[in-house]
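Okay, structure first, notes after.
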Amino acid sequence: MNQIYIVMIMICILSMVTMVLHVRSQIGSSRQEKMWFIVTFIGIAAGALAELIRDMLDSRPLSDEIYRLVTVIEFSITPMMPVFLSRACGIKKPAVPLGILMAVHAAVEIILANSNMVFSIDSGGAYHRGEFYFIYIFSYAVSLLYLIAVFFILSKRFRYRNQITIIASLIIILAGILPSLMDREVKTAYLGMTFMAIILYCYYDSLTQKDMADGLAAQNMRIKSMQHSTIIGVANLIESRDSNTGEHVKNTSNYVSMLVNAAKEKGVYPETIDDEFVELVVSAAPLHDIGKIAVPDHILRKPGKLTEEEFEQMKIHAAEGGRMIHQVMDGSTDEEYVQVAYDVAAYHHEKWNGKGYPMGLKGEEIPVSARIMAIADVYDALTMERVYKKAFPVEKALAIIEEDTGTHFDPVLAPIFVELIRNGNPPENSAADEEKASVR
Numbered sequence: 000m001n002q003i004y005i006v007m008i009m010i011c012i013l014s015m016v017t018m019v020l021h022v023r024s025q026i027g028s029s030r031q032e033k034m035w036f037i038v039t040f041i042g043i044a045a046g047a048l049a050e051l052i053r054d055m056l057d058s059r060p061l062s063d064e065i066y067r068l069v070t071v072i073e074f075s076i077t078p079m080m081p082v083f084l085s086r087a088c089g090i091k092k093p094a095v096p097l098g099i100l101m102a103v104h105a106a107v108e109i110i111l112a113n114s115n116m117v118f119s120i121d122s123g124g125a126y127h128r129g130e131f132y133f134i135y136i137f138s139y140a141v142s143l144l145y146l147i148a149v150f151f152i153l154s155k156r157f158r159y160r161n162q163i164t165i166i167a168s169l170i171i172i173l174a175g176i177l178p179s180l181m182d183r184e185v186k187t188a189y190l191g192m193t194f195m196a197i198i199l200y201c202y203y204d205s206l207t208q209k210d211m212a213d214g215l216a217a218q219n220m221r222i223k224s225m226q227h228s229t230i231i232g233v234a235n236l237i238e239s240r241d242s243n244t245g246e247h248v249k250n251t252s253n254y255v256s257m258l259v260n261a262a263k264e265k266g267v268y269p270e271t272i273d274d275e276f277v278e279l280v281v282s283a284a285p286l287h288d289i290g291k292i293a294v295p296d297h298i299l300r301k302p303g304k305l306t307e308e309e310f311e312q313m314k315i316h317a318a319e320g321g322r323m324i325h326q327v328m329d330g331s332t333d334e335e336y337v338q339v340a341y342d343v344a345a346y347h348h349e350k351w352n353g354k355g356y357p358m359g360l361k362g363e364e365i366p367v368s369a370r371i372m373a374i375a376d377v378y379d380a381l382t383m384e385r386v387y388k389k390a391f392p393v394e395k396a397l398a399i400i401e402e403d404t405g406t407h408f409d410p411v412l413a414p415i416f417v418e419l420i421r422n423g424n425p426p427e428n429s430a431a432d433e434e435k436a437s438v439r
């Protein structure tokens with residue numbers, strides 16, 4: 000017997016055994032998908048082993064019962080492979096009638112095994128094709144055509160299509176099977192089946208993993224959307240205690256988004272401001288005043304200037320906001336978001352010159368997210384009407400931002416914000432009090 004052929008069959012068998020072990024430990028596929036892939040790989044290995052034993056017995060006057068047994072096993076199993084593969088790939092309806100046909104074929108093979116009608120074994124142990132060998136050829140051809148259909152069905156089931164993979168797989172299976180059907184001496188069928196099964200598994204697994212990744216991404220987006228809606232709702236609820244209508248939350252979020260995106264485009268603080276940071280700080284902005292829940296209503300709603308004692312009570316909202324962020328979000332897997340939300344809530348009243356609160360941080364000790372939030376918060380507070388002040392005109396508010404640049408505000412970020420507002424030419428609020436008011 001050709002030693003190359005023996006090595007080839009052994010490679011096929013070992014490859015299928017390896018795939019069985021791999022599929023058993025694979026994460027992502029359903030139990031049913033795993034079962035059908037395992038059945039497919041075991042079937043190919045069994046068919047290859049049966050062919051090897053049959054060829055080893057060929058022309059050897061040994062027990063023809065063993066010869067007939069392995070031949071029937073091979074002839075019955077091989078046409079079933081496309082059915083197994085299609086079930087593994089989740090294709091059920093077209094596989095059922097073909098499965099019934101292949102089961103009938105297997106029954107016919109078993110019944111006719113000793114009749115010499117499909118194949119015969121002479122007294123010398125030599126194998127010969129019988130008069131009704133076309134039964135096997137017909138079943139093989141039908142299953143092969145179905146296998147081709149499986150590839151195209153799969154390509155339509157998934158959003159990601161790789162026609163090159165489909166064509167290459169078909170070429171491999173056809174190159175392996177067709178020559179062996181036409182010439183019994185060419186024994187490449189199981190080599191083609193082995194490569195085809197592995198490629199189809201990898202192709203299907205790749206498509207499945209991509210769809211799973213898309214599904215997870217969509218789910219994460221839905222969760223983020225729900226999280227953002229919840230955050231906005233909580234922030235608006237807190238702001239409503241401060242006699243606002245929720246416009247402050249919306250306005251500051253818009254200003255933060257505008258400023259952080261402009262800063263990224265200009266390459267400001269590139270080690271910090273990237274796409275992920277932009278998303279995080281915009282999402283966290285509505286939580287900047289969450290600590291106001293700890294401030295008494297009579298202070299939040301006071302129409303006049305706060306006393307020194309009242310202002311000290313008002314100042315606790317920054318530190319309290321940071322504490323609440325950690326308390327509420329403790330255990331969150333998104334640690335970066337929690338940190339940005341904490342920084343925004345706890346440090347948005349810090350000043351560049353170190354005279355802010357609650358920690359008295361100075362310059363770049365203040366997180367970038369808090370510096371951005373500070374500008375947005377003060378500008379909106381100036382241009383909105385509050386219980387303790389009228390709205391400032393836009394130019395007056397911008398003049399205050401410019402005046403406090405380098406003392407209150409980041410000297411790099413503040414000019415960008417002023418430029419954005421002036422270029423955007425936003426509508427001015429109602430007539431305002433020209434007197435500069437403290438921002439709570």
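So for the sequence shown, numbering that gives the first Met the number 0 puts the first residue at 0; every next one is plus one.
We treat Cβ as the ideally placed atom computed from N, Cα and C, and that holds for glycine.
From a predicted model like this one, the values you see are computed outputs, not experimental measurements.
(request) Could you please give me the residues that DSSP links to His316 through a beta bridge? (result) Partner(s): none; His316 has no beta bridge.
(request) Please look up how many angstroms separate the CB atoms of Leu286 and Val343, rounded, as I've assumed it's under 8 angstroms. (result) 6 angstroms
(request) Quick one: using the 10 Å Cβ neighbour count with 16 as the cut-off for buried, is Glu73 buried or exposed? (result) buried
(message) Please give the ranges of any alpha helix (DSSP H) in the region 217 to 304, keeping only runs that are unbroken, at least 4 residues long and fully inside the region.
(response) 246 to 264, 274 to 283 and 296 to 299
(request) Check Ser114 in the structure and name its three-state DSSP category. (result) coil
(request) Mind listing, in chain order, the continuous alpha helix (DSSP H) runs of no fewer than 4 residues lying wholly within the region 348 to 404? (result) 367 to 382 and 393 to 402
(request) Leaving out five residues on either side along the sequence, give the residues of the same chain with a beta carbon under 8 angstroms from the beta carbon of Ile415. (result) Leu258, Ala261, Ala262, Lys265 and Val267
(request) Would you tell me roughly how many angstroms separate the C-alpha atoms of Ala217 and Glu50, rounded to the nearest one? (result) 48 angstroms
(request) Since I believe Lys291 is in contact with Ile237 (beta carbons under 8 angstroms), could you give me their beta-carbon distance rounded to a whole number of angstroms? (result) 5 angstroms
(request) Answer with buried or exposed for Arg53, where buried requires no fewer than 16 other C-beta atoms within 10 angstroms of its C-beta. (result) buried
(request) Could you have a look at Phe408 and say whether DSSP puts it in helix, strand or coil? (result) strand
(message) Taking 6 angstroms as the limit between beta carbons, can you name the residues of its chain near Val19, skipping five residues before and five after?
(response) Ile37 and Phe40
(message) Determine whether the beta carbon atoms of Val417 and Ile400 lie at a separation below 9 angstroms.
(response) yes
(request) Can you check DSSP and say which residues form a bridge with Ser205? (result) DSSP lists no partner for Ser205.
(message) Quick check on the DSSP output: the alpha helix (DSSP H) that includes Lys33 runs from which residue to which?
(response) Arg30 to Leu56
(request) In the DSSP assignment, find the alpha helix (DSSP H) that holds Cys11 and state where it starts and stops. (result) Gln2 to Ser24
(request) Please name the residue, chosen from Ala396, Val141 and Ile371, that lies closest to Met383 on a Cα-to-Cα basis. (result) Ala396
(request) Enumerate in chain order the residues of its own chain whose CB-to-CB distance from Asp409 is below 7 angstroms, with the five nearest sequence positions on each side excluded. (result) Trp351 and Arg370
(request) Run the CB neighbour count on Glu364, radius 10 Å, all protein chains shown included, and call it buried at 16 or more, exposed below. (result) exposed
(message) I want to see whether chain B comes within less than 9 angstroms of Thr382, judged by CB atoms only; does it?
(response) Note that chain B does not occur in the displayed structure, where there is just one protein chain.
(message) Rounded to whole angstroms, what is the Cα-Cα separation between Tyr336 and Ala398?
(response) 33 angstroms
(request) State buried or exposed for Thr244, treating a residue as buried only when at least 16 other CB atoms are found within 10 Å of its CB. (result) Note that Thr244 scores 45 on pLDDT, short of 50, meaning its location in the model is unreliable; the coordinates nonetheless yield the value given after this. Flag for Thr244 reads exposed.
(message) Cutting at 6 angstroms between CB atoms, please list the residues of its own chain near Ala340, excluding the five before and the five after it.
(response) Ala283, Leu286 and Ile324
(request) Would you mind giving the Cβ-Cβ distance between Thr77 and Tyr145, rounded to the nearest angstrom? I have them listed as a contact below 8 angstroms. (result) About 13 angstroms separates the two Cβ atoms, so there is no contact after all.
(request) Would you check if the distance between the CB atom of Val280 and the CB atom of Val255 is smaller than 9 angstroms? (result) yes
(request) May I have the straight-line CA-CA distance separating Pro96 from Val141, to the nearest angstrom? (result) 12 angstroms
(request) Can you tell me the Cβ-Cβ gap for Gly175 and Ala188, rounded? I've got them flagged as a contact below 8 angstroms. (result) 6 angstroms
(message) I'd like the list of long-range same chain contacts for Leu199, defined as Cβ closer than 7 angstroms, with 5 residues on each side in sequence excluded.
(response) Leu84 and Ser168
(request) Could you say which of Leu143, Phe150, Arg67 and Leu100 lies nearest to Val117 if we only look at CA atoms? (result) Arg67
(message) Quick check on Met192: buried or exposed, where buried means 16 or more other Cβ atoms within 10 Å of its Cβ?
(response) buried
(request) Name the two residues that bound the continuous alpha helix (DSSP H) containing Tyr132. (result) No alpha helix (DSSP H) holds Tyr132; DSSP gives it neither H nor E.
(message) the ligand NAP and Val393: does any heavy atom of the ligand fall closer than 8 angstroms to the residue's C-beta?
(response) This structure simply doesn't include the ligand NAP, nor any ligand for that matter.
(message) Can you tell me whether Ile230 is buried or exposed? The criterion is at least 16 other CB atoms within 10 Å of its CB, across all chains shown.
(response) buried
(message) On the criterion of 16 or more Cβ atoms from any shown chain inside 10 Å, does Phe150 qualify as buried, or is it exposed?
(response) buried
(message) Quick check on Gly89: does DSSP put it in helix, strand or coil?
(response) coil
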